[in-house]
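Protein chains in written order, with my numbering: chain G, 1 to 218; chain E, 219 to 827.
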Amino acid sequence: MTQGMDGPHPEERMRPTGRRNSQGIRIDPEAEATHQPRKAVLSTLVNHEPGVLAEVSGLFSRRQFNIESLTVGATDDPEVARMTIVIEEPEPGIDQAKKQLEKLVPVISVEELEPEAVQRELILVKVDGENPDDVNAVADMYDGNVVDASPETITIEITGSHQKIEAAVEAFDQFDVQEVVRTGAAAVERGADVLEDTRRKAETISEAGETPQTATDD
Amino acid sequence: MSEQTPVSPPEGERTDTEEQTAETTDLPGDGTTTKDTVSTGAESVVAALEQAGAETLFGVQGGAIMPVYDALYDSEELTHVTMAHEQGASHAADAYGIVSGKPGVCLATSGPGATNLVTGLADASMDSDPVIALTGQVPTNFVGNDAFQETDTVGVTQPVTKHSYFAADADTVGTEVGEAFALADEGRQGPTLVDLPKDVTQGETDAFPGEPETPDTYNPPTEADAEAVDAAAGALADAERPVILAGGGVIKADASDELRQFATDYEIPVVTTMPGIGSFPEDHELSLEWAGMHGTGYANMAITNTDCMLAVGTRFDDRLTGGVETFAPDADIVHVDIDPAEISKNVEADYPLIGDAKQVLRQLDDAMPVAYEATDSSPEAYVEWREQCQTWKDEYAMTYDTPDDEPLKPQYVVERFSELAEDDAIVTTGVGQHQMWASQFWTFTEPRTWVSSHGLGTMGYGVPSAIGAKIAAPDQEVVCFDGDGSFLMTVQELSVAVREDLDITYVVLNNEAVGMVRQWQDGFYEGRRMASEYPWIPQFDMLAEAFGARGFRLEDPEEVDEVIEKARNYDGPAVIDAIIDPAENVYPMVPSGGDNGLFALNGDQLGDL
């Protein structure tokens with residue numbers, strides 16, 4: 001197996017001095033950069049059409065993005081649905097997830113919400129009904145409502161932040177929890193900021209006589 | 219070759235014994251020109267293809283797609299090439315798209331027809347080739363019932379297309395086909411699909427499709443941000459060891475002229491990726507040819523040691539970068555790409571320029587200081603770098619051992635063919651060692667003359683891709699290098715080349731093995747050659763004759779020129795069964811995930827790395 005080509009041996013070759021990390025980022029030897037995973041809330045407007053959820057979830061699974069929750073619902077525009085996707089990834093992964101989402105044809109716009117955005121989850125907890133007063137007391141602590149009661153079980157609804165829901169689940173643990181149903185997060189930016197519908201933006205630009213196909217500053 | 223045949227009658231109307239000839243099939247009917255009215259969904263599909271400027275379709279008939287074929291029967295503008303297998307249709311359409319620059323169209327029926335297209339769509343997706351696939355589907359009221367020949371085609375193809383449409387209405391199907399066509403071509407090219415339920419194509423409609431338009435949610439960028447361009451130009455101008463890495467995106471954007479201009483004005487050495495072969499002439503003094511796993515030593519030395527890389531239209535595939543930790547570690551990276559998602563996906567871009575390669579290269583050119591050539595004042599370091607690149611070209615020259623010239627060396631066959639062929643000859647390949655030898659030892663000088671399966675690495679790509687290429691460019695010479703394993707995977711398409719009387723020269727570099735697998739087994743699996751040797755293969759020259767092509771057997775190095783010329787001179791498909799040295803392997807080689815600068819020049823070095 002000696003056939004091959006001529007030329008200096010690998011050890012005799014000119015070598016660069018630098019290095020990159022496994023994410024292809026050049027490493028500053030002074031400060032070796034590593035990216036810790038962080039939680040990001042991506043809010044997305046999509047065409048309200050069959051198959052769009054499969055397309056979005058398929059993208060996330062085949063690209064191995066670690067998805068925490070995904071909620072979908074209609075908006076005031078019957079043709080548009082809104083997805084709130086919570087992912088936990090290192091910085092480059094979050095960036096990549098956003099860009100890949102934007103490439104999907106039914107996706108209208110994608111934005112990462114600020115960490116202080118309003119986030120709410122809904123939970124339904126079905127617990128043993130033996131001690132209704134105690135259950136009520138715990139439900140009250142979490143601003144919960146009893147939505148169903150029978151001689152055997154009580155079902156409580158609680159709405160709130162992720163942390164509050166976590167705490168509530170823990171608190172109900174004492175009542176022999178039979179079932180827990182959680183939605184993922186629904187989220188909206190605080191203040192006047194709204195998620196832009198880029199189709200409307202494109203129309204506005206067209207009307208103003210410019211081509212919509214210029215570089216976007218996303 | 220003969221004129222392309224107009225659409226044939228549906229296969230079902232032929233008797234089994236009817237001889238297939240290359241003669242033009244005269245169509246019945248009144249010979250009217252393009253219609254401007256439609257009465258069914260299928261007619262609307264055909265009208266949409268005509269509106270989009272499609273000329274040739276590659277496909278296979280079947281139950282659920284029959285209404286579309288029936289509508290094609292009357293089309294004056296569309297030519298249909300019946301392929302032997304749907305995979306062949308998708309690869310032929312893919313190659314047609316690469317060579318012509320316009321989306322290639324393939325058709326298949328539902329179920330197995332559609333699933334057979336998937337390999338070709340995945341291939342097109344990985345290489346950003348423009349392809350539109352039209353698939354039949356069971357009637358909508360059967361969808362979801364596991365009906366005969368039903369498959370969730372949209373679900374199956376979603377991960378491998380830019381978008382897959384399910385046509386639900388005869389009134390809108392034409393618009394959707396037009397949209398899919400436009401989408402395949404716009405921005406970063408790629409495959410699209412429209413699934414066509416039989417009741418939708420049979421359904422009545424008078425909705426004539428308009429001009430094809432991309433969906434309103436799709437707005438690819440064109441020009442890069444001006445400030446970013448200035449910053450990138452500054453980095454390039456300050457660089458002492460600059461290199462241009464030209465990817466397939468340069469060819470897709472028709473930016474080869476701009477690339478050549480830019481490289482020669484600023485005297486920057488040019489390395490291409492494998493899909494970028496042809497974007498820059500390989501016989502130019504600034505060319506270092508292509509980099510990556512089996513790229514040239516000098517290209518790999520240059521991209522490893524550069525301090526500023528202008529990467530245009532490349533997605534930094536792992537076959538190019540090796541391990542990213544050691545990829546161009548000293549370089550500022552200027553990354554030009556039309557797809558924002560490619561920026562910093564695999565390799566971080568210091569200067570991202572999002573836009574069309576042709577536009578951005580012009581922008582960069584405008585933003586650069588006066589070219590050195592004009593002022594004749596190249597900085598010293600710059601001159602040293604060019605000399606260094608030249609030294610590498612001498613040190614790591616692409617050679618091969620020819621002990622007494624026997625047995626026949628595959629590299630010699632490719633090299634001789636390259637010298638004998640026309641300058642603008644198109645080369646297509648299958649996947650394997652032969653593909654590497656073809657790309658290493660053929661001298662490419664023009665864009666759209668290198669047609670290969672890069673990202674997906676699809677064995678079997680060769681035979682049908684040559685058909686698509688020849689139909690897209692009937693006046694150009696087409697050569698297909700294939701391996702014995704790869705050729706066998708789609709050999710049935712040879713029947714199509716014969717029927718269509720396509721003047722293609724197939725060269726099977728025959729080593730009775732899936733040679734690349736065997737090379738890896740020898741290098742990394744202690745020579746345990748499990749399932750990689752094919753000592754039972756047919757004689758391809760005789761097989762070619764059985765298909766109605768001309769067959770040649772080539773063993774003697776003395777006869778290489780003679781056999782190549784005989785095959786080239788044969789007016790129709792010819793197959794050269796070239797019995798090559800089975801011991802020959804592909805070098806240089808960067809082991810998977812390795813360091814590009816530490817390529818092995820032979821098997822011994824491979825063991826040392």
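Backbone N, C-alpha and C fix where the C-beta goes; we use that ideal spot for every residue, glycine too.
Check                                                                                                               : Outcome
Range covered by the alpha helix (DSSP H) that runs through S318/E                                                  : E304 to S318
Cβ contact (3+ pairs, closer than 8 Å) linking the segment 530–544 of chain E and the segment 461–469 of chain E    : yes
Members of the segment 805–817 of chain E that neighbour chain G once the beta carbon cut-off is set at 8 Å         : Y805, P806, G815, L816 and F817
Beta-bridge partners of E157/G, as assigned by DSSP                                                                 : L124/G and N145/G
C-beta atoms of A185/G and T75/G nearer than 8 Å                                                                    : no
For Y287/E, the residue or residues it bridges with in DSSP                                                         : Y287/E pairs with nothing; no bridge assigned.
Under 9 Å by beta carbon: chain E residues contacting D173/G                                                        : Near D173/G there are no residues of chain E at all, since even the closest Cβ is about 40 Å away, more than 9 Å.
Beta strand (DSSP E) runs contained entirely in the segment 9–67 of chain G, provided each spans 3 or more residues : 38–47
Any chain G beta carbon closer than 8 Å to H652/E                                                                   : no
Within chain C, partners of V52/G - CB distance below 7 Å                                                           : Annotation note: the requested chain C is absent from the structure, which comprises protein chains G and E.
Short Cβ contact (8 Å threshold) for F384/E with D413/E                                                             : yes
Proximity of D795/E and F765/E at Cβ, strictly below 8 Å                                                            : no
Sequence-distant residues of the same chain with beta carbon closer than 7 Å to G209/G, five excluded per side      : Below a pLDDT of 50, predicted positions are generally treated as unreliable, and G209/G, at 44, falls in that range; no measurement from the model is reported.
Pair within 8 Å by beta-carbon distance, E500/E and R604/E                                                          : no
Contact with chain G by H381/E, beta-carbon distance below 8 Å                                                      : yes
Below-8 Å beta-carbon distance, N359/E vs any chain G residue                                                       : no
Residues near V138/G by beta carbon distance below 7 Å, same chain, minus five either side                          : A171 and F172
Reference D557/E, options L706/E, N523/E, S346/E and L538/E, closest by Cα                                          : S346/E
Residues that DSSP places opposite L325/E in a beta bridge                                                          : G277/E and L352/E
Beta-carbon separation (whole angstroms), V135/G vs V46/G, contact threshold 8 Å                                    : In fact, because the Cβ distance is near 39 Å, the residues do not count as touching under 8 Å.
Given 8 Å, three or more beta-carbon pairs between the segment 127–134 of chain G and the segment 94–107 of chain G : no
Endpoints, alpha helix (DSSP H) assigned at Y516/E                                                                  : G515 to N523
Sequence-distant residues of the same chain with beta carbon closer than 7 Å to R20/G, five excluded per side       : R26 and I27
DSSP-derived helix/strand/coil call for G815/E                                                                      : helix
Given P621/E as reference, the closest of E613/E, A615/E and Y630/E once Cα atoms are compared                      : Y630/E
Any non-hydrogen atom of the ligand FAD closer than 7 Å to T410/E Cβ                                                : In the structure shown, the ligand FAD is absent, as is every other ligand, since no ligand is present at all.
Within-8 Å CB hit, H9/G to chain E                                                                                  : yes
Inter-residue spacing [alpha-carbon to alpha-carbon] between T563/E and A509/E                                      : First, the amino acid is wrong: residue 563/E is Lys here, not Thr. Straight-line Cα distance between these residues: approximately 19 Å.
Contact check, I94/G vs I67/G, beta carbons under 8 Å                                                               : no
Other residues of its chain near L339/E: CB distance less than 8 Å, five sequence neighbours each side excluded     : S308, V349, A351, T375, V378, T379, P409 and L411
Buried or exposed (CB count within 10 angstroms, at least 16 for buried), E229/E                                    : For E229/E, the pLDDT reaches just 43, beneath the cut-off of 50, and the residue's location in the model is therefore unreliable, although a value from the coordinates is still provided. Exposed, since its Cβ has fewer than 16 Cβ neighbours within 10 Å.
Contacting residues, own chain, Cβ-Cβ under 7 Å from T183/G (five flanking each side not counted)                   : T71, E121 and L122
Closer than 8 Å to chain G by CB, P321/E                                                                            : no
Where H381/E falls, given that 16 or more other Cβ within 10 Å makes a residue buried                               : buried
Contacting positions in the segment 514–538 of chain E - beta carbon closer than 8 Å to chain G                     : G515, M519, T522, N523 and F534
Buried or exposed (CB count within 10 angstroms, at least 16 for buried), F742/E                                    : exposed
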